[in-house]
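Engineer: In the working numbering, each residue's number is its place in the sequence shown (first place is 1) plus 14. All C-beta atoms in this analysis are idealised placements derived from N, C-alpha and C, irrespective of residue type, glycine included. Next up is a structure, given as structure tokens.
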Amino acid sequence: TVHKHLDQDPLIQFREVYQWLQQAGAQRIADAGCGYGGFAIYLASQAPAVHVDGYTLSDVQQAVAQQVFARRHMPQARVLLQSYDHLVQQYDAIVAIESLGHAADAAVTLHHWAGHLRPEGLVVIIDEVFRPEVSPAHPEIQQFMQFWRFSVLLQRARVEALVHAAGLHIAAWDVLSERYRVPNRPDD
């Protein structure tokens, strides 16, 4: 769990996810909440044989990503203009980089993803996961959740319960902020 400004290197998250995908031998990947397609571009440049579908609700993000894919000759990457709650096919892996908390209903989303994973499939989630003592009722946390449109405060016990309820299991829990310097986060 970590925010994107780790050690002033925005590619840390991409490299971490890529390692998991390589270990799993994933060839068809969904990038849930892909934004402008940064991870899809990274993945397509690192593993040209891998197919990646990004999912976004922004037509602007889709257009920008598609232009980059065309300019870089990356036919194995595309961005679909639709919710990651409506995946179009089965995937070897589903990647959610700072996007699960934005789901309208994280439990429904995880259940949907579980139904779109091929056997032995992998879901990789990188997100802000709050310590257990952080109260979802605290006014600053409420403000954070409203501003970032979080439907649920992601905390380890809650994430674990949601994952298990979706029929998935946690293969590893890797706290990236313990391995990398996180600026402006002295409490982690």
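Buried or exposed: which applies to A54, given that a residue is buried once 16 or more other Cβ atoms fall within 10 Å of its Cβ?
Structural biologist: Working through the sequence shown from its first residue, we reach residue 54 at position 40. Buried, since its Cβ has 16 or more Cβ neighbours within 10 Å.
Engineer: Are at least three pairs of beta-carbons, each pair with one atom in the region 68–87 and one in the region 43–57, less than 8 Å apart?
Structural biologist: At 8 Å Cβ cutoff, the stretches touch.
Engineer: G2 and Y105: beta carbons closer than 8 Å?
Structural biologist: This structure cannot speak to residue 2, because the chain is shown only from 15 to 202.
Engineer: Assign F83 to one of two classes, buried (16 or more other C-beta atoms within 10 Å of its C-beta) or exposed (fewer than that).
Structural biologist: Position 69 of the sequence shown, counted from the start, is the residue given in the question as residue 83. So F83 ends up on the buried side.
Engineer: With distances taken between CB atoms, is the gap from S165 to A110 smaller than 8 Å?
Structural biologist: Start at 1 with the first residue of the sequence shown, and residue 165 comes out as number 151. Start at 1 with the first residue of the sequence shown, and residue 110 comes out as number 96. In this structure, A110 does not lie closer than 8 Å to S165 by Cβ.
Engineer: Contact between the region 31–48 and the region 90–105: three or more CB pairs below 8 Å?
Structural biologist: Because the criterion of three Cβ pairs below 8 Å is met, the region 31–48 and the region 90–105 touch.
Engineer: Put Y32 into one of helix, strand or coil per three-state DSSP.
Structural biologist: As a working note, residue 32 is residue 18 in the sequence shown. Y32: helix per DSSP, three-state reduction.
Engineer: Please determine if the region 140–149 and the region 170–186 are in contact, where contact requires at least 3 C-beta pairs separated by less than 8 Å.
Structural biologist: Taking 8 Å as the limit for Cβ pairs, the verdict is that the region 170–186 does touch the region 140–149.
Engineer: With the cut-off set at 8 Å, would you say P62 and Q90 are in Cβ contact?
Structural biologist: Position 48 of the sequence shown, counting from 1, holds the residue named residue 62. Position 76 of the sequence shown, counting from 1, holds the residue named residue 90. Result yes, Cβ atoms of P62 and Q90 sit closer than 8 Å.
Engineer: Please report how far the alpha carbon of W34 lies from the alpha carbon of E154, in whole angstroms.
Structural biologist: Locating residue 34 in the sequence shown gives position 20, where the first residue counts as 1. Locating residue 154 in the sequence shown gives position 140, where the first residue counts as 1. So the two alpha carbons sit approximately 34 Å from each other.
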